[in-house]
């Protein structure tokens, strides 16, 4: 579906954007592949790998999702949009709440309006496990963003644009995550790794798995779904052991805005949640003028309602990685 199409990625110079571009160029022949972001240096660095000379479809647009007029210019004749731009650092969001709100909420609103008015066919917005039952500002703004994208399907009228959301957990080795933090400490010769709480668990996914899941959901989506992949959990002490078997650990306490366990399908949404073979779908809480049967997606895959009271929680997940499996997953992801 991406051959001959124009595709735009907001926040395209981030970890996800780079892997998404790499994957699209390897498997498809898009007409245009547009990287939209506000960091000129990162765009320059990315263009050294994916140059317009080597890949004539590549385009690099400097712009901010806060700038509605720039989005309208960038979205002209675009078929598919992946909205990955966000302010994601939990402590920074707590300290600079209005900046986080401007990018994650008002920016989402701008993307929606530009996509509708420019006739974009499909939009997938990237979410986070922190948007489910949020306890920090970052998670709260992403929950608002999710609600905006889901509700946008009621605003399209006769226009073709459809919006969906993909929500997944911690990405192995992504910038700002615990893996590169541990790597730096190991390289610096630290005598221990800090553990916030020995009970802490997290969902674990590789960047490539996240990219492949988003690609697949463009084929599945009808509009209004929140897609959640079935992925394993890890225990943070096991992660430390996998990365540095000979180093001691030291419990330092949970940081502000952190949870012991993350949730991707909240208990209170169990009456809206469908289970498919390799993923869950959270249906919209509102009804659209155009009725949709979410039990069967556009690929013909069928899902069933989860039991009442179901919650997809990293602490009660029935799939945990062992230390050896974490090491293998990191090797596949290119993480030492």
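In this note's numbering, the protein residues as written are 91 to 426.
Note that CB positions come from ideal geometry on N, CA and C, so glycine has one too.
Could you pull the start and end residues of the alpha helix (DSSP H) that residue i belongs to?
| i | result |
| --- | --- |
| residue 110 | 105 to 117 |
| residue 162 | 158 to 164 |
| residue 231 | 227 to 241 |
| residue 201 | 197 to 207 |
| residue 188 | 187 to 191 |
| residue 329 | 326 to 333 |
Taking only three categories from DSSP, how would you classify residue i?
| i | result |
| --- | --- |
| residue 176 | coil |
| residue 394 | strand |
| residue 126 | strand |
| residue 244 | helix |
| residue 301 | helix |
| residue 413 | helix |
| residue 290 | coil |
| residue 168 | coil |
| residue 323 | strand |
| residue 308 | helix |
| residue 151 | strand |
| residue 419 | helix |
State the start and end residues of the unbroken beta strand (DSSP E) segment that holds residue i.
| i | result |
| --- | --- |
| residue 369 | 369 to 372 |
| residue 317 | 316 to 319 |
| residue 362 | No beta strand (DSSP E) holds residue 362; DSSP gives it neither H nor E. |
| residue 274 | Counting along the chain, residue 274 falls outside any beta strand (DSSP E), though it belongs to the alpha helix (DSSP H) covering 268 to 277. |
| residue 218 | Careful: residue 218 lies outside any beta strand (DSSP E) and carries neither H nor E. |
| residue 100 | 96 to 100 |
Distance check for residue j and residue i, CA to CA, integer angstroms please.
| i | j | result |
| --- | --- | --- |
| residue 212 | residue 129 | 25 Å |
| residue 394 | residue 360 | 12 Å |
| residue 102 | residue 147 | 15 Å |
| residue 115 | residue 281 | 43 Å |
| residue 315 | residue 251 | 14 Å |
| residue 432 | residue 243 | Residue 432 lies beyond the residue range present for the chain, which begins at 91 and ends at 426; the question has no answer from this structure. |
| residue 127 | residue 153 | 5 Å |
| residue 290 | residue 405 | 8 Å |
| residue 305 | residue 94 | 16 Å |
| residue 157 | residue 339 | 45 Å |
| residue 188 | residue 198 | 14 Å |
| residue 172 | residue 288 | 36 Å |
| residue 184 | residue 207 | 33 Å |
| residue 274 | residue 182 | 21 Å |
Since residue i and residue j are thought to touch, with beta carbons under 8 Å apart, how far apart are those beta carbons, to the nearest angstrom?
| i | j | result |
| --- | --- | --- |
| residue 193 | residue 177 | 5 Å |
| residue 174 | residue 107 | 6 Å |
| residue 330 | residue 283 | 5 Å |
| residue 256 | residue 214 | 6 Å |
| residue 328 | residue 413 | 5 Å |
| residue 297 | residue 109 | 5 Å |
| residue 373 | residue 323 | No, residue 373 and residue 323 are not in contact; Cβ-Cβ is about 24 Å, not under 8 Å. |
In terms of DSSP beta bridges, what is residue i paired with?
| i | result |
| --- | --- |
| residue 252 | 212 |
| residue 146 | According to DSSP, residue 146 bridges with nothing at all. |
| residue 340 | 284 |
| residue 260 | 294 |
| residue 402 | 355 |
| residue 386 | 392 |
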